[in-house]
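The structure under discussion appears below in the form of structure tokens.
Protein chains: 2
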Amino acid sequence: MAEPSAGSVPPTEPPVETPTAEGAEDGASTSKKAAKKAEAKAKKEAEKARRAAERAAAASSSGTAAQAEDLAKENYGQETHETKLSPNSVEVTLKEISEEHVGKTVELRAWIQNSRAQGAKMVFVELREEGNWTIQGIAAANPEGAPVSRQMVKWVGGINPESFVVVEAVVQKPLEPVKSCKVSYFELHITKCFVHAPAPTMLGMTLAAANKPIANFSDEEAPVEQAVEKLSIAPAGEASAIPAASMLTHLDNIVMHKRAPVQQAIADIRIEVKDLFRSFLKSKGFKEFEPPCLIGAASEGGANVFRMPYFEKEAFLAQSPQFYKQFEIAGGRKRVFCIGPVFRAENSNTPRHMTEFTGLDMEMEIKKDYHEVMHMLEDVLLHIFRGIKERCAEEIALVRSVYPSEDFLLPEPGKEVRLTFAEGQKLLREEGPEEYRDVSDEEDMSTPQEKALGALIRKKYKTDFFVLDKFPDSARPFYAKEDPANPRVTNAYDFFMRAQEILSGGQRINDPVELEARIRKKGVDPNSPGIKEYVDVFRQAGVPAHGGGGIGLDRVVAWYLNLPSVHLAAYYPRTPKRLLP
Amino acid sequence: MAEPSAGSVPPTEPPVETPTAEGAEDGASTSKKAAKKAEAKAKKEAEKARRAAERAAAASSSGTAAQAEDLAKENYGQETHETKLSPNSVEVTLKEISEEHVGKTVELRAWIQNSRAQGAKMVFVELREEGNWTIQGIAAANPEGAPVSRQMVKWVGGINPESFVVVEAVVQKPLEPVKSCKVSYFELHITKCFVHAPAPTMLGMTLAAANKPIANFSDEEAPVEQAVEKLSIAPAGEASAIPAASMLTHLDNIVMHKRAPVQQAIADIRIEVKDLFRSFLKSKGFKEFEPPCLIGAASEGGANVFRMPYFEKEAFLAQSPQFYKQFEIAGGRKRVFCIGPVFRAENSNTPRHMTEFTGLDMEMEIKKDYHEVMHMLEDVLLHIFRGIKERCAEEIALVRSVYPSEDFLLPEPGKEVRLTFAEGQKLLREEGPEEYRDVSDEEDMSTPQEKALGALIRKKYKTDFFVLDKFPDSARPFYAKEDPANPRVTNAYDFFMRAQEILSGGQRINDPVELEARIRKKGVDPNSPGIKEYVDVFRQAGVPAHGGGGIGLDRVVAWYLNLPSVHLAAYYPRTPKRLLP
Chain A
0 MAEPSAGSVP
10 PTEPPVETPT
20 AEGAEDGAST
30 SKKAAKKAEA
40 KAKKEAEKAR
50 RAAERAAAAS
60 SSGTAAQAED
70 LAKENYGQET
80 HETKLSPNSV
90 EVTLKEISEE
100 HVGKTVELRA
110 WIQNSRAQGA
120 KMVFVELREE
130 GNWTIQGIAA
140 ANPEGAPVSR
150 QMVKWVGGIN
160 PESFVVVEAV
170 VQKPLEPVKS
180 CKVSYFELHI
190 TKCFVHAPAP
200 TMLGMTLAAA
210 NKPIANFSDE
220 EAPVEQAVEK
230 LSIAPAGEAS
240 AIPAASMLTH
250 LDNIVMHKRA
260 PVQQAIADIR
270 IEVKDLFRSF
280 LKSKGFKEFE
290 PPCLIGAASE
300 GGANVFRMPY
310 FEKEAFLAQS
320 PQFYKQFEIA
330 GGRKRVFCIG
340 PVFRAENSNT
350 PRHMTEFTGL
360 DMEMEIKKDY
370 HEVMHMLEDV
380 LLHIFRGIKE
390 RCAEEIALVR
400 SVYPSEDFLL
410 PEPGKEVRLT
420 FAEGQKLLRE
430 EGPEEYRDVS
440 DEEDMSTPQE
450 KALGALIRKK
460 YKTDFFVLDK
470 FPDSARPFYA
480 KEDPANPRVT
490 NAYDFFMRAQ
500 EILSGGQRIN
510 DPVELEARIR
520 KKGVDPNSPG
530 IKEYVDVFRQ
540 AGVPAHGGGG
550 IGLDRVVAWY
560 LNLPSVHLAA
570 YYPRTPKRLL
580 P
Chain B
0 MAEPSAGSVP
10 PTEPPVETPT
20 AEGAEDGAST
30 SKKAAKKAEA
40 KAKKEAEKAR
50 RAAERAAAAS
60 SSGTAAQAED
70 LAKENYGQET
80 HETKLSPNSV
90 EVTLKEISEE
100 HVGKTVELRA
110 WIQNSRAQGA
120 KMVFVELREE
130 GNWTIQGIAA
140 ANPEGAPVSR
150 QMVKWVGGIN
160 PESFVVVEAV
170 VQKPLEPVKS
180 CKVSYFELHI
190 TKCFVHAPAP
200 TMLGMTLAAA
210 NKPIANFSDE
220 EAPVEQAVEK
230 LSIAPAGEAS
240 AIPAASMLTH
250 LDNIVMHKRA
260 PVQQAIADIR
270 IEVKDLFRSF
280 LKSKGFKEFE
290 PPCLIGAASE
300 GGANVFRMPY
310 FEKEAFLAQS
320 PQFYKQFEIA
330 GGRKRVFCIG
340 PVFRAENSNT
350 PRHMTEFTGL
360 DMEMEIKKDY
370 HEVMHMLEDV
380 LLHIFRGIKE
390 RCAEEIALVR
400 SVYPSEDFLL
410 PEPGKEVRLT
420 FAEGQKLLRE
430 EGPEEYRDVS
440 DEEDMSTPQE
450 KALGALIRKK
460 YKTDFFVLDK
470 FPDSARPFYA
480 KEDPANPRVT
490 NAYDFFMRAQ
500 EILSGGQRIN
510 DPVELEARIR
520 KKGVDPNSPG
530 IKEYVDVFRQ
540 AGVPAHGGGG
550 IGLDRVVAWY
560 LNLPSVHLAA
570 YYPRTPKRLL
580 P
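Sequence order for the protein chains is A and B. Using numbering that gives the first Met the number 0, the first residue of the first sequence is number 0, and each one after it goes up by one. Using numbering that gives the first Met the number 0, the first residue of the second sequence is number 0, and each one after it goes up by one.
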């Protein structure tokens with residue numbers, strides 16, 4: 000086994016741009032013209048890269064012809080069924096590489112993140128694996144030409160970024176830590192390199208561009224002329240070398256969008272949020288179930304429901320699993336939860352809305368008081384917030400390096416902020432902006448009102464998370480349980496994160512007589528389709544008092560990280576204008 | 000604190016019927032006439048119960064009037080906001096009751112499963128909690144009349160079964176174990192009893208009826224005349240006292256359907272299957288994600304897809320998350336899985352089909368060979384089968400007591416049965432029934448063919464689980480990778496349980512040029528909607544070789560338990576005729 004020169008100088012430029020002041024701007028507020036300018040730049044940059052790659056390829060092939068026999072020719076090229084690595088090489092992932100590998104031959108499957116030639120005899124490549132793991136690789140030509148020849152160095156340097164390669168290399172310690180890589184105390188001295196799946200010469204979006212804050216979340220691309228026309232009035236200043244792209248460009252380049260370190264980190268945080276929700280509730284005796292998406296009636300209000308032909312009938316897509324959670328309680332479960340898609344046919348084209356999102360829902364039997372449910376929901380959310388802060392510290396820091404945000408403030412244990420709706424309105428009247436001097440205790444809050452209240456509470460209680468309890472009767476649907484002590488309010492609550500609602504819930508009526516009376520009081524016909532079947536469930540057998548709540552997973556992730564759009568927290572955001580990819 | 004007489008004789012009849020030979024018949028094969036007869040019986044029985052309850056209630060109220068002051072009147076009745084239990088009572092669940100509780104006052108919230116009076120001074124009630132936990136409760140009138148009076152005994156005895164009650168009681172050890180209850184070594188001597196939520200006098204379906212094997216899975220109820228007419232030719236023999244109901248009756252009485260011990264057990268097994276799938280894959284480095292349900296094109300074949308108006312466009316419901324699993328791999332993940340709803344607009348009204356079901360899906364990078372994926376899927380399924388056998392032994396036994404089935408045969412470790420499709424066909428030709436003497440290696444199998452092969456393999460290898468690999472090219476879709484050594488077959492497999500397919504998967508083509516060529520070869524236009532966007536993903540950057548598979552959760556549960564219909568394994572089965580509840 001040949002031994003490449005140990006310890007090389009890492010390349011000077013960090014290959015994926017670290018965020019700059021420009022890049023750290025709130026993506027949502029960047030103007031369309033800047034975005035257009037940015038995209039034009041990106042295309043120019045990519046074209047330049049393509050030409051450089053062509054030149055390198057041409058140089059490489061002519062060089063080969065001009066030189067003597069290539070003693071390394073078995074050690075590189077396109078991977079085929081005949082490709083053979085050394086039988087004594089050890090398969091590793093970057094996460095696993097440790098002192099014990101130093102001097103040993105390892106085998107790695109990774110993406111070429113980028114490469115940089117140092118003369119004709121050496122090339123630095125950055126190799127990337129899932130989890131944003133990166134390592135520096137070096138292919139240095141041996142005077143003997145084996146296992147690495149000059150031809151091989153050129154060839155490695157010419158591999159298009161984002162190609163997937165199989166690499167055999169000897170692990171070494173660099174002279175100084177490679178700061179630009181997550182694995183900074185080791186480097187790979189490449190002995191073989193094969194392209195398993197090539198990337199195109201010109202990427203639709205480079206990894207560096209994909210990792211910039213998104214400049215524009217509109218679902219409609221501004222026409223090109225307009226963009227060009229406005230280039231001249233784009234804000235001046237120290238422009239970043241790698242421009243940001245729009246959300247549309249990101250989604251049209253879904254592969255690069257997903258490969259961006261910031262998106263990988265957001266996805267990893269999302270996974271933890273879901274796992275923390277599930278494991279906490281399981282530890283409290285909750286059982287998971289799957290509610291249906293296809294339902295026979297638009298029982299929760301017909302306006303925002305998707306409807307579709309269903310054989311000889313019509314079907315609807317569930318806007319929430321609530322009725323089915325209740326059926327589970329009626330059917331003998333004490334505590335249930337479900338995690339799954341919910342659908343809203345709202346024509347809202349905002350960074351807060353999607354037509355399909357993931358709901359985290361729970362429902363439980365109430366023993367004495369519905370605050371048992373409210374506290375359980377509070378506990379699971381605090382468990383999630385504290386859990387991701389601990390488990391995802393690195394990912395959160397990475398996201399903040401692209402989308403800066405202040406730490407998410409939590410109340411000290413035992414000092415959770417729970418106001419009644421009336422107390423919240425009073426606070427707004429007394430300490431809020433002028434326009435809220437007359438807000439009523441009996442009318443639901445508007446989104447700006449929520450924002451104002453959240454700001455007041457943050458200032459007063461130093462928390463970004465609080466509960467508003469006892470919503471007025473007028474603001475809650477027919478199934479909400481009225482407070483027996485004051486029927487003008489309900490045993491229902493909303494939870495807020497960074498002054499935005501992320502959870503709605505409360506106690507439901509479990510008595511069919513009381514339920515029917517309230518349905519009538521709300522002006523709904525208790526015999527209308529869907530409603531009748533719902534009430535009938537409570538007539539079938541005795542159903543204990545119960546309550547619950549539903550959380551939007553995408554929103555929890557987005558608001559915790561203060562992302563400019565909930566679309567960044569979704570895997571494949573669905574909007575009125577976007578169903579692809 | 001008063002001390003009721005310790006140790007009582009349990010009621011002689013077991014309250015929920017244990018299965019009889021009649022009840023143990025395969026539900027799917029029971030004829031409609033038998034079902035009709037059964038339902039007629041059920042109604043008669045329920046009516047009888049109603050009248051008995053009315054008599055009891057009348058007797059109770061007249062008795063109260065006739066007697067002296069009721070010293071126990073604070074200790075029973077409808078629960079109100081003033082209802083108070085003893086401050087020193089301990090809240091318990093039935094699962095928790097142990098020796099340490101003997102002689103102590105406990106508080107329990109449970110369903111009255113049934114009750115049986117022994118004279119005017121004593122009543123036995125069976126109390127039930129989630130998880131099929133049951134215990135015997137006794138209310139015995141004290142000569143002093145407190146805390147339990149004769150009036151209270153009558154009142155407790157008159158509570159409608161399936162009412163939800165709050166009970167205060169002293170834990171005692173019965174003289175002999177109460178065989179009819181899961182908690183057999185303790186009983187509750189009731190000191191207080193309040194009805195929290197009453198059940199109707201006449202249940203739509205009793206718990207005992209709900210726990211019988213379902214007689215008829217048709218979505219169409221036979222007209223009553225027909226049923227009556229055919230009563231006379233129903234099979235004779237020792238008829239069970241409690242008749243079975245149809246699936247329609249079950250779904251129309253969803254609360255009682257779900258409360259049936261057999262359904263609780265099936266649901267608990269389903270939860271374990273899902274958890275075992277998830278935890279196994281997580282331990283192997285798989286990351287969970289959520290694919291969308293709403294998609295912009297019917298890319299996997301338009302025939303069986305639900306379509307719906309979507310603002311100015313059309314949307315489709317995903318038939319599988321496959322493309323999105325692949326996008327996750329393309330987007331930088333090594334291994335992913337997802338658990339969620341998938342939709343098929345098939346007008347198939349069989350016990351094997353549903354229009355919405357839960358998919359367990361995974362996809363992973365292939366290092367050397369697609370058998371890495373096949374073995375991972377095999378491993379996860381074997382882990383599930385072995386896991387539920389161990390973790391759910393009690394639930395499986397309970398299900399078998401209603402739906403008898405033979406043990407699910409598994410291969411010994413290292414002796415997994417993996418045949419190629421051609422080997423399977425050869426076995427059928429050589430050892431199968433006459434009609435399969437000429438089956439071809441290049442044509443897909445029919446369902447009866449699968450059944451016949453499964454039977455041969457069970458006999459030969461003593462396993463109910465096997466893999467069929469290398470499906471012919473003609474039987475696989477455009478994305479399936481052809482075997483480089485033999486392009487007439489693909490690197491694709493199906494998995495079977497009890498001779499029925501439960502998994503389909505294989506290696507996908509990751510090279511866009513190869514993919515486009517195969518799409519053309521399959522006679523599909525690579526530029527058609529959905530297809531073009533799919534192929535484009537592989538053009539965006541280098542995507543490693545990968546493969547995966549999808550499992551139907553409902554089917555795994557149903558086939559493992561050999562249930563007569565997959566609808567029994569679903570929470571809310573959806574069929575072309577059924578969208579409610």
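From the three backbone atoms N, C-alpha and C, an ideal C-beta is built for every residue, glycine too. Keep in mind it's a predicted model, so treat the numbers as computed, not measured.
Nearest-angstrom Cβ-Cβ length linking residue i and residue j, presumed shorter than 8 angstroms
i	j	result
PHE288/B	TYR570/A	5 angstroms
LEU275/B	GLY386/B	4 angstroms
GLU106/B	CYS180/B	That pair is no contact at about 19 angstroms.
ILE338/B	LEU359/B	6 angstroms
PRO242/A	THR190/A	About 38 angstroms; that fails the 8 angstroms criterion.
LYS120/A	VAL166/A	Contact doesn't hold; Cβ gap of about 19 angstroms is too wide.
PRO575/A	ASN303/A	Actually they do not touch by this definition, with Cβ atoms about 12 angstroms apart.
GLN135/A	GLU81/A	With a Cβ gap of about 29 angstroms, GLN135/A and GLU81/A do not count as contacting.
Residue i - DSSP class collapsed to helix/strand/coil
i	result
GLU327/B	helix
PRO340/B	strand
HIS370/A	helix
TYR75/A	strand
ALA196/B	strand
TYR309/A	strand
PRO511/B	helix
PRO18/B	Only weak support exists for where PRO18/B lies, its pLDDT of 39 falling under 50; the value from the coordinates is given anyway. Reduced to three states, the DSSP call for PRO18/B is coil.
VAL523/A	coil
PRO260/B	helix
GLU442/A	coil
PHE279/B	helix
VAL89/A	strand
CA-to-CA distance, residue j to residue i, given in whole angstroms
i	j	result
GLY506/B	LYS520/B	According to the sequence displayed, residue 506/B carries Gln and not Gly. Going by the C-alpha atoms only, they are around 18 angstroms apart.
PRO403/B	ILE550/A	41 angstroms
GLU271/A	VAL555/A	12 angstroms
LEU247/B	HIS256/B	10 angstroms
ALA557/A	GLN112/A	27 angstroms
GLY453/A	ARG417/A	12 angstroms
Per DSSP, cross-strand counterpart(s) of residue i
i	result
ILE111/A	LEU126/A
TRP132/B	GLU128/B
ASN485/A	ASP482/A
MET496/B	PHE464/B, GLN499/B
ALA168/B	VAL105/B, ILE189/B
LYS94/B	In the DSSP output, where bridge partners are listed per residue, LYS94/B has none listed.
ARG436/B	The partner list for ARG436/B (beta bridge, DSSP) is empty, contrary to what the question assumes.
ARG334/B	MET363/B
MET121/A	GLN117/A, ALA139/A
Give the list of continuous beta strand (DSSP E) stretches no shorter than 3 residues that lie fully inside the segment 529-556 of chain A.
545-551
What ranges does the alpha helix (DSSP H) occupy inside the segment 381-405 of chain B, keeping only unbroken runs of at least 4 residues that lie completely in it?
392-401
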